[in-house]
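Asks: Pasting a structure here, questions to come.
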Amino acid sequence: MDVDIAIIGGGIAGLSAAAWLANDRDVVVLEAENSLGYHATGRSAAAYTECYGSEPIRRLAQASHEYLTANEGLTTPLPVMFVAQKGNEDRLNRLFASFQPLVPSLEQLSPSDTVERCSAFHRDAIAGGVLEPGALNIDVHALQTDYTRKVRSVGQTILTSAPVTHIDRDDGSRWSIIAGDHTISAGILVNAAGAWADHVAVMAGVDPLGLEPLLRSVFTFEASADSTSWPLVVDADEQWYFKPEGPHVLGSAASEIPSEPVDARAPELDIALGIEKITNATNLSIRSVRNTWAGLRTFTPDRVPVVGFDPSATGFFWLAGQGGYGIKTSPVLGEITSTLILNDTVDDRVTAFGVTRAELAPDRFRP
Ligand SMILES: Cc1cc2nc3c(=O)[nH]c(=O)nc-3n(C[C@H](O)[C@H](O)[C@H](O)COP(=O)(O)OP(=O)(O)OC[C@H]3O[C@@H](n4cnc5c(N)ncnc54)[C@H](O)[C@@H]3O)c2cc1C
120 MDVDIAIIGG
130 GIAGLSAAAW
140 LANDRDVVVL
150 EAENSLGYHA
160 TGRSAAAYTE
170 CYGSEPIRRL
180 AQASHEYLTA
190 NEGLTTPLPV
200 MFVAQKGNED
210 RLNRLFASFQ
220 PLVPSLEQLS
230 PSDTVERCSA
240 FHRDAIAGGV
250 LEPGALNIDV
260 HALQTDYTRK
270 VRSVGQTILT
280 SAPVTHIDRD
290 DGSRWSIIAG
300 DHTISAGILV
310 NAAGAWADHV
320 AVMAGVDPLG
330 LEPLLRSVFT
340 FEASADSTSW
350 PLVVDADEQW
360 YFKPEGPHVL
370 GSAASEIPSE
380 PVDARAPELD
390 IALGIEKITN
400 ATNLSIRSVR
410 NTWAGLRTFT
420 PDRVPVVGFD
430 PSATGFFWLA
440 GQGGYGIKTS
450 PVLGEITSTL
460 ILNDTVDDRV
470 TAFGVTRAEL
480 APDRFRP
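In this text, residue positions in the sequence shown follow our numbering: the first is 120, and each later residue adds one.
The following block contains the structure:
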């Protein structure tokens with residue numbers, strides 16, 4: 120198969136890039152697993168917040184907001200509430216001061232207001248809260264389906280069960296790729312392989328960037344109170360979080376456990392830690408855990424995604440290192456991938472949010 124662009128990875132990153140490129144170039148997405156979104160994408164907490172991650176991440180989220188809300192069915196309102204234990208008022212004040220300039224709608228809540236929003240707390244035990252009223256819950260499956268439709272509806276190809284095992288540069292300076300039963304020739308290779316992105320680079324003869332996959336596990340449980348109207352509640356020191364998940368609650372110890380790129384499994388100890396942290400901080404009793412899972416959040420050395428052509432290898436494009444923010448930033452990262460490849464530029468619409476090409480470029484990790 121001959122294409123303009125081969126995208127390695129059928130997670131949210133590869134699919135978003137394909138969706139933005141599909142009208143203008145012949146594209147193929149190559150996914151190793153037999154279904155799309157099997158790894159990090161299918162295991163996220165599905166939150167859109169402008170108060171989580173470094174400042175570049177938060178600007179990328181804001182630049183994605185329009186897409187996520189203009190397309191029906193992709194998101195529903197889910198405010199985020201940061202809380203701190205009594206005695207930790209300073210932490211909440213600092214958090215408010217650091218987030219508020221970028222998110223003017225942020226509100227400071229008294230202990231009573233905090234308990235009114237979430238009955239899992241004792242009024243006397245907490246310092247209060249900081250509320251982001253405009254945060255969202257993302258329907259990750261709907262977003263993935265939206266991207267997939269955009270690719271397939273214009274006749275472009277997505278292949279599953281197509282693990283890339285061999286990458287070569289042929290004489291005509293095209294990439295020659297073996298992916299399962301398929302041999303593909305492509306002018307440009309987009310590396311959207313998530314936790315495996317450094318491995319894919321090495322396969323292509325490109326130096327790795329030092330990406331670090333960090334495991335985070337989550338669990339769902341039945342709350343001892345009606346949780347359906349609760350916000351996503353995050354500890355001000357990011358030691359744990361929980362959110363309503365239908366009639367149940369999803370919780371996490373917010374751990375970051377170094378891992379090889381693997382099919383991640385939730386360590387029992389990490390689930391126990393999450394239960395302990397959440398029960399200590401709230402009046403919830405977690406008697407039975409319904410479900411557990413884990414995924415890899417893969418970070419670059421500076422924790423900002425890497426998006427752009429590698430300066431050392433013609434036609435090798437990085438779209439990786441989205442860490443714990445790859446769902447909410449996928450619209451704008453797909454758009455940036457497309458405009459960099461098609462026009463060698465980042466559009467004014469995106470730079471208006473303060474997003475710069477340089478802060479995403481792989482050049483920053485090269486000597
Ligand atoms: C517990 C948890 C909570 C999270 N919560 C949020 C959240 O609330 N909001 C948010 O925005 N983000 C969140 N994230 C982060 C988000 O899930 C990731 O940033 C995002 O899914 C990364 O997408 P990706 O496409 O880069 O990676 P992946 O979904 O892992 O996709 C990469 C794909 O590449 C494929 N691949 C690898 N090597 C090859 C090869 N050689 N050949 C072919 N295919 C290959 C893999 O099979 C995989 O399917 C969370 C993550 C976790 C784990």
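From the three backbone atoms N, C-alpha and C, an ideal C-beta is built for every residue, glycine too.
Whose C-alpha, out of Phe472, Phe201, Arg422, is nearest the C-alpha of Arg483?
Replies: Considering only alpha carbons, the answer is Arg422.
Asks: How do the segment 472–483 and the segment 163–178 stand: do at least 3 beta-carbon pairs fall below 8 Å, yes or no?
Replies: In short, these stretches touch, since the Cβ pair count reaches three.
Asks: Identify every run of the beta strand (DSSP E) within the segment 320–394, keeping only runs that are complete inside it and at least 3 residues long; order them along the chain.
Replies: As far as the segment 320–394 is concerned, its whole beta strand (DSSP E) runs of at least 3 residues are 331–340, 351–354, 360–364, 367–371.
Asks: Under 7 Å: does the beta carbon of Lys269 sit that close to some heavy atom of ligand 1?
Replies: Incorrect: Lys269 has no Cβ contact closer than 7 Å to ligand 1.
Asks: Within the continuous alpha helix (DSSP H) that includes Asp232, where are the two ends?
Replies: Element bounds for Asp232: 230–236.
Asks: Quick one: does Asn410 have its CB under 8 Å from some CB of chain B?
Replies: Within the model displayed, chain B is absent; a lone protein chain is all it includes.
Asks: Arg293 by DSSP, collapsed to three states: which one?
Replies: Arg293: coil per DSSP, three-state reduction.
Asks: Only counting the same chain, and skipping five residues up and downstream in sequence, which positions put a Cβ closer than 7 Å to that of Ile307?
Replies: Result list for Ile307: Asp123, Ile124, Gly434, Phe436, Ile460, in chain order.
Asks: May I ask you to list the residues that DSSP assigns as paired with Asn212?
Replies: Paired residue(s): none; Asn212 is not in a bridge.
Asks: May I have the straight-line CA-CA distance separating Ala180 from Gly370, to the nearest angstrom?
Replies: One C-alpha to the other measures close to 23 Å.
Asks: Taking the beta carbon of Lys447 as the centre, do at least 16 other beta carbons fall within 10 Å, making it buried, or is it exposed?
Replies: Classification of Lys447: buried, given that the 10 Å Cβ count is 16 or more.
Asks: Would DSSP call Pro196 helix, strand or coil?
Replies: Three-state DSSP puts Pro196 in a strand.
Asks: Taking its Cβ as the centre, do 16 or more other Cβ atoms sit within 10 Å of Arg468, making it buried, or is it exposed?
Replies: Looking at its Cβ environment, which holds fewer than 16 other Cβ atoms inside 10 Å, Arg468 is exposed.
Asks: The alpha helix (DSSP H) that contains Asn462, what's its start and end?
Replies: Looking at the DSSP string, the run of the alpha helix (DSSP H) that includes Asn462 is 449–462.
Asks: Are Pro363 and Thr339 close, meaning C-beta to C-beta below 8 Å?
Replies: For Pro363 and Thr339, no; Cβs fall outside 8 Å.
Asks: Looking at Phe215: is its Cβ nearer than 8 Å to the Cβ of Gln204?
Replies: Result no, Cβ atoms of Phe215 and Gln204 do not sit closer than 8 Å.
Asks: So what does DSSP say about Gly248, is it helix, strand or coil?
Replies: Strand.
Asks: Just to confirm my understanding: we take Ser154, look at its own chain, exclude 5 residues before and 5 after, and list those with CB closer than 7 Å. What are they?
Replies: Cβ within range, chain order: Thr279.
Asks: Select from Val426, Gly442, Gly443 the residue whose C-alpha is nearest the C-alpha of Ser465.
Replies: The displayed chain sequence assigns Val, not Ser, to residue 465. The candidate whose alpha carbon is nearest that of Val465 is Val426.
Asks: Classify Glu185 as buried or exposed, calling it buried when 16 or more other Cβ atoms lie within 10 Å of its own Cβ.
Replies: Glu185 comes out exposed.
Asks: Measure the alpha-carbon distance for Leu221 versus Glu375 and round it to whole angstroms.
Replies: Distance between the alpha carbons of Leu221 and Glu375 is about 26 Å.
Asks: Val337: beta carbon under 7 Å from a heavy atom of ligand 1?
Replies: Checking the Cβ of Val337 against ligand 1 gives yes.
Asks: Which residue comes first and which comes last in the alpha helix (DSSP H) that contains Gly133?
Replies: Residues 131–140.
Asks: Consider the C-beta atom of Thr160 and the heavy atoms of ligand 1; say whether any pair is separated by less than 7 Å.
Replies: True, at least one ligand heavy atom lies under 7 Å from that Cβ.
Asks: When you compare only the Cα positions, how much space is there between Ile297 and Val259?
Replies: Their backbone Cα atoms lie some 29 Å apart in a straight line.
Asks: Take the Cβ of Ala314 as the centre, count every other Cβ of all protein chains shown within 10 Å, and call the residue buried at 16 or more, exposed below.
Replies: The residue is buried, with at least 16 neighbouring Cβ atoms inside 10 Å.
Asks: Given a threshold of 16 other Cβ atoms within 10 Å of its Cβ, counted over all protein chains shown, does Ala261 qualify as buried or as exposed?
Replies: Answer is exposed; the Cβ neighbour count stays below 16.
Asks: My understanding is that Leu351 touches Val202, with C-beta atoms under 8 Å, so please give their C-beta distance in whole angstroms.
Replies: Not really, about 11 Å apart at Cβ, beyond 8 Å.
Asks: What span of residues does the alpha helix (DSSP H) with Leu262 cover, start to end?
Replies: Residues 259–271.
Asks: Mark His285 as exposed unless 16 or more other C-beta atoms lie within 10 angstroms of its C-beta, in which case mark it buried.
Replies: The residue in question, His285, is exposed, as its Cβ has fewer than 16 Cβ neighbours within 10 Å.
Asks: From Asn462 to His158, what does the alpha carbon distance come to, in whole angstroms?
Replies: Cα to Cα, the separation comes out at about 31 Å.
Asks: By a C-beta neighbour count over all protein chains shown, 10 Å radius and 16 as the cutoff for buried, is Leu187 buried or exposed?
Replies: Per the 10 Å Cβ criterion, buried.
Asks: Tyr266 and Ala166 look like a contact to me (Cβ under 8 Å); what is the Cβ gap, rounded to whole Å?
Replies: No, Tyr266 and Ala166 are not in contact; Cβ-Cβ is about 19 Å, not under 8 Å.
Asks: Determine the closest residue to Asp317 out of Asp429, Ser449, Val147, with distance taken between C-alpha atoms.
Replies: Here the closest residue by C-alpha is Asp429.
Asks: Per DSSP, what are the beta-bridge partners of Val222 in this structure?
Replies: Answer is none; Val222 lacks a bridge partner.
Asks: Alpha carbon to alpha carbon, how far is Ser217 from Pro223? Give it in angstroms, no decimals.
Replies: C-alpha separation (whole angstroms): 11 Å.
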